[in-house]
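*Asks:* Let me give you the structure first, and then I'll get to my questions.
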Amino acid sequence: MSSASPARRLRLGMPRRMFSQVLLMQVAVAAGVAVLATGLFLAPLSDQLDDQAMRRALAIAQTAAAQPRLAEELTATGPSADGPVQAAAERVRRASGAEYVVVMDGRGVRWSHTNPAEIGRRVSTDPRQALAGREVMQIDDGTLGRSARGKVPLRDADGSVVGAVSVGIAYDSVRARLVHAIPGLLAYAGGALAVGALAAYLISRRLHRQTRDLAFSDIAGLLAEREAVLHGIREGVVALDREGRIRLLNDEARRLLGIGDEAVGQPLDAALGTGRTADVLAGTVGGTDLLTVRGQRVLVANRMPTEDGGAVATLRDRTELEQLGRELDSTRGLIDALRAQDHEHANRMHTLLGLLELEMFDEATEFVGEVVGDHRATAEQVTEKIHDPLLAALLVGKATVAAERGVALAVSDGTLLPDRLVDARGLVTVVGNLVDNALDAVAGTAHARVEVELRAEGRTAVLRVRDTGPGVPAGQREVVFTDGWSTKEPSAHRPRGIGLPLVRRLAERQGGSARVTDARGGGAQFTVVLPEALAEPGPAAEPEHGPTGAGAVTTGEEESR
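Throughout, this note's numbering is defined as the position within the sequence shown, counted from one, plus 65.
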């Protein structure tokens, strides 16, 4: 015997394939229904045939009792096999096909019978109801066996009951009619069963194609694995039906989108609100690895249509990667600034060396003073107007990078920001994004300039970044704040079109706003308003800056107003 023969051995019990199981169950159900219907039909049919036989017997008895001379002959003669009552009863029996026609007197004594030997004897069943004037229908056992019987009273000319007529229909004939009807009924049931089996086969074949011939145990296993995968992976999964309603959300999708189980069954717009995230998931925006911002998270979405007209979308959290990318940009900017400083420092050292070798000591002293003074002036200009160290350090570094790119980065005379920021890192993100965008817009143009203005109005921080670039056309001033929209080529480590949407979301989350307008003299001006960005001032707020240049700047601005 080969090693494969046990696998080919006939298996008893339910088959494993879903197609076979469903077909077997449907055929069993169809057969059960056919048998049940046949039984339910036969039960009333038997009762109906019994009733018909009893009514027939009663009708024959009524006909016999209606003969005008039968009552007279019953009272005028005695019981005899050759008497007129027996003759009349036999005529009725032969004409009607009844099993027997019995005429009895008021005592229940037979005056007629199919078997003449029974004449003169008392009837075997109780005749009191018929002799009392009532008609009786019943199925009972007698001397001739079981029969369907009808009994009627026999009345004389005055209407008095003088006897009774009992007619019996052989019960075997009733049973024969029932048995005769069974083959036809079974034929109908068999036809119905054949139609049901064919329908079951067709349904099972369709189910076979749709389930790809999987067993029930396989489907149960797949469902268990599906639940484990959906809720175990670190990607959000959103399944949509053909109407665009959410039909499935895994745990990660709920976390990333900030929605719960109540969103299942709702359209995307109702569950997420209008915006780019809903458009990406609905397929309105095409493409792969589409970026969208949801709350504080940067998400990467991909959408795949399904055969039933729906779709499955996957979401990845790119927030940390985006932060790393921005840190990389900052690091590169710092490296570029250090490289620029190193290059500039080498040139200055060479110049200083040449002046010393030429014994131009006064010129060398003046040159060193100018260099040191320029750097000190830039740092002091920023720190005396912006007292938060993070923002000040950011703008000093951006100024060095801007100088390397041939752009003049200046802090506006109207700038004054105390060191009371509630979320300094958030404001650093906003300023860094806007300054980077402005530098990119003006780099390579003549007289390139970027101006930053930061003011405190009570607890509100107002930021303006102006540039001398080409500006933003009026038709695109809202589009620039859309996730993924950018006029720049994507960088190697991260896509574009995230900075401005983050700026607007940060501002709106604090109840503020972000917008872009035309700057005076050309270019673009981005304005961000951040309510409650500063803490309440203490009783001796900013004492260390009172006598410094910051106060002079403020006084000068107030005088100019």
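Ideal placement from N, C-alpha and C gives every residue a C-beta, glycine not left out.
1. Just curious, the alpha helix (DSSP H) that E317 is in, first and last residue?
2. Write down every uninterrupted run of the alpha helix (DSSP H) in the stretch 460-533 whose length is 4 residues or greater and which is fully enclosed by it, in chain order.
3. Going by DSSP, which residues form a beta bridge with G228?
4. Quick one: is R529 near chain B, going by C-beta distance under 7 Å?
5. From which residue to which residue does the alpha helix (DSSP H) around D344 run?
6. Does N180 come out as helix, strand or coil in the three-state DSSP assignment?
7. From this set, H512, R362, V530, which residue's C-alpha is nearest S477's C-alpha?
8. Using C-beta distances below 7 Å, list every residue in its chain close to D306, excluding the 5 sequence neighbours before and after it, in chain order.
9. State the CB to CB distance for the pair V345 and L337, rounded to an integer number of angstroms; the pair is presumed to be in contact (CB under 8 Å).
10. For G233 and Y165, which I take to be in contact (beta-carbon distance under 8 Å), what is that distance rounded to the nearest angstrom?
11. Taking buried to mean at least 16 other C-beta atoms within 10 Å of its own C-beta, is M425 buried or exposed?
12. Just verifying my parser: in three-state terms, what is the DSSP assignment at D453?
13. In its own chain, which residues sit with a C-beta less than 8 Å from the C-beta of V507, not counting the 5 before and 5 after it?
14. Kindly identify the DSSP beta-bridge partner or partners of S189.
15. May I ask you to check if the CB of R312 is nearer than 6 Å to at least one heavy atom of the ligand FMN?
16. Nearest CA to the CA of V150: which residue from G162, T179, A124, A163?
17. Can you tell me the Cβ-Cβ gap for A95 and A252, rounded? I've got them flagged as a contact below 8 Å.
18. Cα separation between Q132 and E183?
19. Straight-line CA distance for E327 to G360?
20. Cα-Cα, which of I451, T339, N315 is closest to V329?
21. Would you mind giving the Cβ-Cβ distance between D453 and L482, rounded to the nearest angstrom? I have them listed as a contact below 8 Å.
22. When you compare only the Cα positions, how much space is there between A503 and V537?
23. Between G171 and G228, which are expected to be in contact by the criterion C-beta below 8 Å, what is the C-beta distance as a whole number of angstroms?
24. Beta-carbon within less than 6 Å of A146's beta-carbon, same chain only, minus the 5 sequence neighbours each way: which residues are those?
25. Can you give me the Cβ contacts of A195 inside the same chain, cut-off strictly under 6 Å, excluding the 5 residues immediately before and after it?
26. Below 8 Å on the Cβ atoms is my contact criterion, and I expect I125 with S161 to pass it. Report the Cβ-Cβ distance as a whole number of Å.
27. Distance check for R319 and V363, CA to CA, integer angstroms please.
28. Does the beta-carbon distance from L599 to R524 come in below 7 Å?
29. Grouping DSSP H, G and I as helix and E and B as strand, with all else coil, what is G210?
30. Can you check whether the CB of A429 is closer than 7 Å to the CB of L420?
31. I need the DSSP call for V294, collapsed to helix, strand or coil.
32. Going by alpha carbons, who is nearest to V487 out of Q590, K463, P602?
33. Among residues of its own chain, excluding the 5 on either side of T547, which ones have a beta-carbon nearer than 7 Å to its beta-carbon?
34. Within 10 angstroms of its Cβ, does R214 collect 16 or more other Cβ (buried), or is it exposed?
35. Which residues in the same chain have their Cβ closer than 8 Å to the Cβ of V447, if we skip the five residues on either side of it in sequence?
36. From the DSSP secondary-structure annotation, give me the bridge partner or partners of M202.
*Replies:* Straight from the coordinates:
1. First-last of the alpha helix (DSSP H) with E317: 316-322.
2. Scanning the stretch 460-533 for uninterrupted alpha helix (DSSP H) segments of 4 residues or longer gives 489-507, listed from N- to C-terminal end.
3. The partner list for G228 (beta bridge, DSSP) reads D170, L219.
4. Going by chain labels, chain B is absent from the structure shown, which holds only one protein chain.
5. Here the alpha helix (DSSP H) through D344 covers 341-347.
6. Coil, per DSSP.
7. From the listed residues H512, R362, V530, the smallest Cα separation to S477 is found for V530.
8. Excluding positions up to five away in sequence, the list reads R312, G375.
9. Not a contact, Cβ separation roughly 10 Å.
10. Contact flag correct, Cβ pair sits at about 5 Å.
11. Classification of M425: exposed, given that the 10 Å Cβ count is below 16.
12. Coil, per DSSP.
13. The answer, listed in chain order, is V472, A513, R514, V515, D532, T533, G534, G588.
14. S189 is not bridged to any residue.
15. This structure lacks the ligand FMN, and indeed carries no ligand of any kind.
16. Minimum Cα distance to V150 is reached at T179.
17. A95 to A252, Cβ: 16 Å. No contact.
18. About 23 Å.
19. One C-alpha to the other measures close to 19 Å.
20. Nearest option by C-alpha distance: N315.
21. That pair is a contact at about 6 Å.
22. About 11 Å.
23. Yes, G171 and G228 are in contact; Cβ-Cβ is about 6 Å, under 8 Å.
24. Close CB contacts of A146 within its chain, under the 6 Å cut and outside five residues either way in sequence, are with P181, I184 (chain order).
25. Setting aside the 5 residues that flank it on each side, A195 is surrounded in the same chain by V201, K216, P218, A229, each with a C-beta closer than 6 Å to its C-beta; the list follows chain order.
26. Their Cβ separation, rounded to whole angstroms, is 5 Å, which keeps I125 and S161 in contact under 8 Å.
27. Cα-Cα distance, rounded: 15 Å.
28. Yes, these two residues count as a Cβ contact at 7 Å.
29. G210 carries a strand assignment under DSSP once its states are collapsed to helix, strand and coil.
30. Their beta carbons are under 7 Å apart, which means L420 touches A429 by this criterion.
31. Helix, per DSSP.
32. Scanning Q590, K463, P602 for the CA closest to the CA of V487 turns up P602.
33. Close CB contacts of T547 within its chain, under the 7 Å cut and outside five residues either way in sequence, are with R341, P566 (chain order).
34. It counts as buried.
35. A457, L460, V461, A464, V476, listed in sequence order.
36. The partner list for M202 (beta bridge, DSSP) reads G215.
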